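Under this note's numbering, the first residue of the sequence shown is numbered 6, with each subsequent residue one higher. Here a beta-carbon is modelled for each residue, glycine too, at the ideal position from N, C-alpha and C. All values derive from a computational prediction rather than experimental measurement.
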Amino acid sequence: MKQEKEIIYFITGNNHKFKEIKKLFQKEEIDYYLKQKTAATIEVQASNIKEVALFKLNSIKPKFNNSYFVEDAGFFIDDPLKGFPGVYSKFVLNTIGNKGILKLINDYWNTVAHFEAVIALYFQPLDKIFTFEGSVEGKVSKEIKGTNGFGYDPIFIPNGLSNNTFGELSIEEKNAISHRAKAWQKMLIFLRKHQ
Ligand code: ITT
């Protein structure tokens with residue numbers, strides 16, 4: 006155990022993501038303070054989100070001497086859209102949005118979808134980069150439901166939780182099963198091992 010808590014930076018412009026991770030941080034006895042930072046990052050169009058996350062991390066020129074991480078996430082409609090929007094999640098949300106997505110799959114009753122998250126961490130004590138991944142399976146809702154969360158949350162119904170979308174869950178409920186929380190759990194194990 007260290008004498009003093011160190012700062013670890015979550016570099017993101019997305020306040021919702023930060024709030025979710027912050028809640029998870031607060032639940033744990035851990036030798037770090039979490040702080041949000043925004044920085045100019047480059048989001049490349051790659052074939053998978055791990056590549057996007059690593060590129061995002063490598064595009065940061067930190068002016069501090071701490072560990073820091075970024076996270077990239079995507080929403081994948083496996084059936085019938087073969088994984089679309091996936092790595093295009095941000096662009097698709099900003100263009101056709103959830104309404105447009107629902108129109109695309111209007112004729113399908115049985116859909117399969119999932120979220121993926123990859124955290125890319127620059128771990129200062131070892132001067133190395135590590136990645137942690139998480140995913141959650143479910144389906145697409147027939148309608149936009151719920152005002153919690155952000156992005157695709159109001160159209161994603163995770164498996165095993167009645168018929169509620171992520172948008173109808175509290176942060177705590179989403180954090181109990183989400184892609185982001187699963188990636189975080191893996192990073193937590195790593196941070197504990199190295200404290
Ligand atoms: P960064 O600053 O951390 O990069 P971002 O908002 O650009 O934040 P991403 O590129 O990781 O985030 O996300 C791609 C898209 O997927 C974006 O439009 C998000 O709104 C959406 N998204 C990511 N995580 C989500 C989640 O947990 N629930 C719903 N939508 C999510």
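Legend entry - Extent of the continuous alpha helix (DSSP H) run through residue 91: Here residue 91 belongs to no alpha helix (DSSP H); instead the beta strand (DSSP E) covers 89 to 91.
Inset, instruction - Have a look at residue 35 and residue 114 and give me their C-alpha separation to the nearest angstrom. - result: 44 Å
Legend entry - Chain-order list of residues whose beta-carbon lies under 6 Å from that of residue 18 (same chain, five-residue window excluded): 43
Legend entry - Near the ligand ITT: residue 95 beta-carbon under 7 Å from a heavy atom: yes
Inset, instruction - Would you mind sorting residue 219 into buried or exposed? The rule is 16 or more other CB atoms within 10 Å of its CB. - result: Since the displayed the chain opens at 6 and closes at 200, residue 219 lies outside it and no answer follows.
Legend entry - Separation of residue 197 from residue 163, as counted between CA atoms: 29 Å
Inset, instruction - Check whether the Cβ of residue 64 sits closer than 7 Å to any heavy atom of the ligand ITT, and report yes or no. - result: no
Inset, instruction - Could you give the DSSP three-state label for residue 126: helix, strand or coil? - result: strand
Inset, instruction - Following the continuous alpha helix (DSSP H) through residue 10, name the residue where it begins and the one where it ends. - result: First-last for residue 10: undefined, no H or E at that position.
Legend entry - Sequence-distant residues of the same chain with beta carbon closer than 6 Å to residue 202, five excluded per side: Residue 202 cannot be examined here, being either before or after the span of the chain that is shown, 6 to 200.
Inset, instruction - Alpha carbon to alpha carbon, how far is residue 102 from residue 133? Give it in angstroms, no decimals. - result: 37 Å
Inset, instruction - Name the residue from 129, 165 and 151 whose alpha carbon lies nearest to the alpha carbon of residue 69. - result: 129
Inset, instruction - Buried or exposed for residue 45, please, with buried defined as at least 16 other CB atoms from any protein chain shown within 10 angstroms of its CB. - result: exposed
Legend entry - Distance, residue 65 Cα to residue 148 Cα: 38 Å
Inset, instruction - Whole angstroms is fine: what's the gap from residue 125's alpha carbon to residue 165's? - result: 29 Å
Legend entry - Segment contact flag, the region 24 to 34 with the region 168 to 186, C-beta cutoff 8 Å, min 3 pairs: yes
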